[in-house]
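Only one structure is covered here, and it is reproduced in the block below.
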Amino acid sequence: MTEELRYIQFRIEDNVGIITLNRPEKLNALSWELVEELAALLRRLRYVDEVRAILLHGAGRSFCAGGDVDWIAGESDRPMPGTSDASIPIPRSQRMTPGGPFMDVTRQMVAVDKPIIAALHGHAVGAGLAYAIVCDRRFGDSTTKMSAIFTSVGVAPDCGLSWYLPRVVGLPTALMMVETGKMFKAEECKALGLIDELVPEGKSFEAAFDYARNLASRASVAVSMARRMVLMGQTATLEQILDYEGIAGVIVASTFDAREGTQSFLENRKPTYRGI
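Here my numbering is used: the first residue of the sequence shown is 4, the next is one more, and so on.
Right, dumping it as structure tokens:
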């Protein structure tokens, strides 16, 4: 799968789709064009069977410095409702969904229905923090700094942070983070649960890739269905989950990998999974 992209890079290695935010001169600040590319890529990856897990990281010195302040301040060619000159026309579609593709990235991170692993270094703030905590697991190195920085620049949280952050760090900590915009260093991020695995400087990509590659080598339909059930369990009732587990169990049992997994166990050998 070859992608000609301007603001992100993409490649597939060992069934892992590696997405690199690629505005290093801006610490990978999120422009309208970058998130359009990212949302569109994630939408396509749902249907790329070769990709069984996804790794998200940033080029240069940081993972992501959040939304591009030029756009937020109304200084770019793309109008920002509220801060742009009132004489600049705003497209109807943007008026209906002011966050546009910024919000759609979060939707597509969920809709891709595959594990997404974050490799963090440098700044992961604002919308960058939001995208990081949507991921299944976060590997951060000792340079990582994280903040729900929104109110520090006079704006409100976005990109799903208000939904995910309390579920990751707990309600009191989430309230403190969004109210103060405090910046947390790597060790503090690990203690708060913002980082799952803290590794030495420069090692987050390697650690995240090893983890993603391991997931991609497993019975990937079973892995994806298992994570889907756990995520559904955050909002479903027990009865709903019990019913869904029964249905999902039948779906997974019909795969090649289910037969291979059970047969290899009986034969006391390592399974060879095909992801189907």
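We treat Cβ as the ideally placed atom computed from N, Cα and C, and that holds for glycine. Note that the structure is predicted; figures quoted are calculated from it, not measured.
Taken atom to atom, the span from the alpha-carbon of leucine 241 to that of isoleucine 250 is near 14 Å.
Separation of valine 108 and glycine 102 (C-alpha to C-alpha, rounded to the nearest whole angstrom) is 10 Å. Only residues of its own chain outside the window of five on either side were considered, and among them Gly20, Val54, Val115 have a CB closer than 6 Å to the CB of leucine 48, listed in chain order. Here DSSP, grouped into helix, strand and coil, assigns glutamine 12 to strand.
For the set Ala56, Arg14, Met112, Glu263, the Cα lying nearest the Cα of valine 38 is the one of Met112. Around the beta-carbon of glycine 61, 16 or more other beta-carbon atoms lie within 10 Å, marking it buried. Less than 8 Å separates the beta-carbon of valine 172 from that of leucine 195. Note on the segment 125-150: whole alpha helix (DSSP H) runs with a minimum of 4 residues are 130-137, in chain order. Inclusion of arginine 141 and alanine 121 in the CB contact set at 8 Å is warranted, their separation being smaller than that value. Per DSSP, reduced to three states, the secondary structure at alanine 261 is helical. Between the segment 213-229 and the segment 148-163 there are fewer than three C-beta pairs closer than 8 Å, too few to call the two in contact.
Distance from the CA of leucine 245 to the CA of serine 257, rounded to the nearest whole angstrom, comes to 19 Å. Listed in chain order, the non-local C-beta contacts of leucine 41 below 6 Å within the same chain comprise Ile11, Val108, local neighbours out to five positions each way being set aside. In the structure shown, glutamate 242 adopts helical secondary structure according to DSSP, grouped into three states. The three-state secondary structure of phenylalanine 66, taken from DSSP, is coil. Burial check for isoleucine 22: the Cβ neighbour count within 10 Å reaches 16 or more, so the residue is buried. DSSP lists Phe13, Leu59 as the bridge partner or partners of isoleucine 22. With a cutoff of 8 Å on beta-carbon distance, aspartate 52 and arginine 216 are scored as not near each other. Per DSSP, alanine 215 is not a residue of any beta strand (DSSP E); the alpha helix (DSSP H) it occupies stretches across 207-219. In the DSSP annotation of this structure, the continuous segment of the alpha helix (DSSP H) that includes glutamate 36 starts and ends at 35-48. Check the Cα spacing between leucine 30 and each of Gln266, Ala130, Leu58: the tightest is with Ala130.
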